[in-house]
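Residue numbering for the sequence shown follows the working numbering, beginning at 171 and increasing consecutively.
Beta carbons are placed, not taken as given, at the ideal position from N, Cα and C, and that holds for glycine.
None of these values were measured; they are calculated from a predicted model.
Notes follow the structure.
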Amino acid sequence: MKKSSRKVVIAGNWKMNKTRAEAATLIGQLANAPQNADVDVVVCVPFTALETAVNAVKGTAVKVGAQNVHFEKSGAFTGEVSADMLVELGVEYAVIGHSERRQYFGETDATVNNRTRAALVAGLIPILCIGELLEEREAGITEEVLSRQTKLGLAGFTADEVKRIIIAYEPVWAIGTGKTATAEQAGEACGFVRGVIAKLYGEAVADGVTIQYGGSMNAKNGAELLAQEDVDGGLIGGASLVAEDFKTIIKAAVGV
Ligand code: PGA
């Protein structure tokens, strides 16, 4: 399967930004973003803004995602939110295993795997994040790290489940640093991850999986990154907080 037959997903990861009022304003500014059937646009907003976002996207093609999801259905897990709670709100996507969760909140490949399973069971589309640290790239073990995170993140899933998962390749050294991976580096790493999935599930499954690039993607570099054969969209932090910048990236994906 060629890139042209894979779903492209442009997802904004707002992180801990935007009040409900600000969220409604920003989503309102996205309403006139270009669209086509091959490109999904998602805003992954803080938990507190989810309901506002779900209401604000009504009548537009924009979809709403959360930035995390717990792996149990309910229970004594103070501070956590279950997949069913998100689905009830009208949320359709969940970012899982973002490097900030791995770095600051003790997220591991095992918890990432569990959260991804819970998301799938509830009907959410997981955006499973992987990516190497700067010291790992410098030590020449990028592929080893990506292979391990992909295999452990997807452990125990059937081919049909894997088809419903989006992978976000985000080199940790490029996140929020203004240091983007070159288009070649991004394309190469996403292609490598596709190869890992092909070994586990076969070429046909791997060819259908959406693999995003994330890490300082912006209005200037978006088109070049998205043009890479194995880059099927972006997970965008800083630039997704500015409507015009996010729309420029959407335009590059839609090809208008
Ligand atoms: P950034 O963040 O675009 O601000 O680098 C990307 C991400 O963390 O998902």
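Fill in: Residue nearest to GLY408 in terms of C-alpha spacing, selected from GLN273, LYS243, LYS185
Residue mapping note: residue 408 aligns to position 238 of the sequence shown, counting from 1. Residue LYS185 is the option with its Cα nearest to GLY408.
Discussion item. Tell me whether LEU304, by its Cβ, gets closer than 7 Å to a heavy atom of the ligand PGA.
Written reply: In the sequence shown, residue 304 corresponds to position 134, counting from 1. Relative to the ligand PGA, LEU304 has its C-beta separated by 7 Å or more from all heavy atoms.
Worksheet entry | Three-state secondary structure assigned by DSSP to ILE335 | Taking the first residue of the sequence shown as 1, we reach residue 335 at position 165. ILE335: coil per DSSP, three-state reduction.
Worksheet item: Using a C-beta cutoff of 8 Å, does SER317 count as contacting chain C?
Response: Within the model displayed, chain C is absent; a lone protein chain is all it includes.
Worksheet entry | Pairwise C-alpha distance: LEU324 and LEU290 | What you label residue 290 is simply residue 120 of the sequence shown in a count that begins at 1. What you label residue 324 is simply residue 154 of the sequence shown in a count that begins at 1. Looking at the two C-alpha atoms, the distance is approximately 12 Å.
Worksheet entry | Through-space distance from GLY245 to GLU277, alpha-carbon basis | Numbered from its first residue, the sequence shown carries residue 277 at position 107. Numbered from its first residue, the sequence shown carries residue 245 at position 75. Near 19 Å, if we compare the C-alpha coordinates of GLY245 and GLU277.
Discussion item. If contacts are defined as beta-carbon pairs under 8 Å, then ILE337 and LEU298 qualify, I think. What distance do you get, rounded to the angstrom?
Written reply: Position 167 of the sequence shown, counted from the first residue, corresponds to residue 337. Position 128 of the sequence shown, counted from the first residue, corresponds to residue 298. LEU298 and ILE337 do touch by the CB rule: their CB atoms are close to 5 Å apart, below 8 Å.
Discussion item. By the DSSP assignment, the alpha helix (DSSP H) with GLY365 in it spans what residues?
Written reply: Here residue 365 corresponds to residue number 195 of the sequence shown, with the count starting at 1. Here the alpha helix (DSSP H) through GLY365 covers 353 to 371.
Worksheet item: Do you know offhand how far GLU305's Cα is from LEU200's?
Response: Stepping through the sequence shown from its first residue, residue 305 is reached at position 135. Stepping through the sequence shown from its first residue, residue 200 is reached at position 30. Spanning the two alpha carbons is a distance of roughly 37 Å.
Worksheet item: ALA344: buried (16+ other C-beta within 10 angstroms of its C-beta) or exposed?
Response: Position 174 of the sequence shown, counted from the first residue, corresponds to residue 344. With 16 or more other Cβ atoms within 10 Å, it is buried.
Worksheet item: Alpha carbon to alpha carbon, how far is THR222 from GLN237?
Response: Locating residue 222 in the sequence shown gives position 52, counting from the first residue. Locating residue 237 in the sequence shown gives position 67, counting from the first residue. Spanning the two alpha carbons is a distance of roughly 15 Å.
Worksheet item: With distances taken from CA atoms, which of ILE300, PHE241, GLY235, PHE247 is nearest GLY260?
Response: In the sequence shown, the residue the question calls residue 260 occupies position 90. Residue nearest to GLY260 within the set ILE300, PHE241, GLY235, PHE247 is GLY235 (criterion: CA-CA distance).
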